[in-house]
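Engineer: Each residue of the sequence shown is one higher than the last, beginning at 35 in our numbering.
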Amino acid sequence: MNVKQLIPTQTICSHYNIEISFVDALNKIGLIQIEIINQDQFIHQDHISEFEKIIRLHNELNLNLEGIDVVLNLLEKEKELRNELNALKNRLRLYEND
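1. Can you find the residues in the same chain that come closer than 8 Å, C-beta to C-beta, to I51, ignoring five residues on each side of it along the sequence?
2. What number of angstroms, rounded off, separates the C-alpha of H78 from the C-alpha of E130?
3. So which of I41, L99, R116 has the shortest CA-CA distance to D74?
4. With a threshold of 16 other CB atoms inside 10 Å of the CB of T43, please say whether the residue is buried or exposed.
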């Protein structure tokens, strides 16, 4: 893994004004993935947008970790259903054009 693409959790916590315990709790329940290198914790830069979404859900909607997990699962399910609907619409168009 490229270390240049990893952001220290301390930097993220100070930037977003959150506690390191919140990041540890998110990692413990599997909402984010923390990389540990030489006893330092890092988050991959590709996961920052998801992390920001989690922070917004927590701060703006005052959701606890379980609530955040439910919301993220529902959003993922909605995305899958939307993709399935689009695929079915495309298949239907093939038959309508005949």
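Ideal Cβ placement from N, Cα and C applies to all residues, glycine included. Fair warning: this is a prediction, and the values are worked out from it, not measured in the lab.
Structural biologist: In short:
1. According to the sequence provided, residue 51 is Asn. The question's Ile does not apply to it. A distance below 8 Å between beta-carbons, with the five flanking residues on each side excluded, links N51 to no residue of its chain.
2. Distance between the alpha carbons of H78 and E130: 46 Å.
3. I41
4. Counting Cβ neighbours within 10 Å, T43 comes out buried, since at least 16 surround it.
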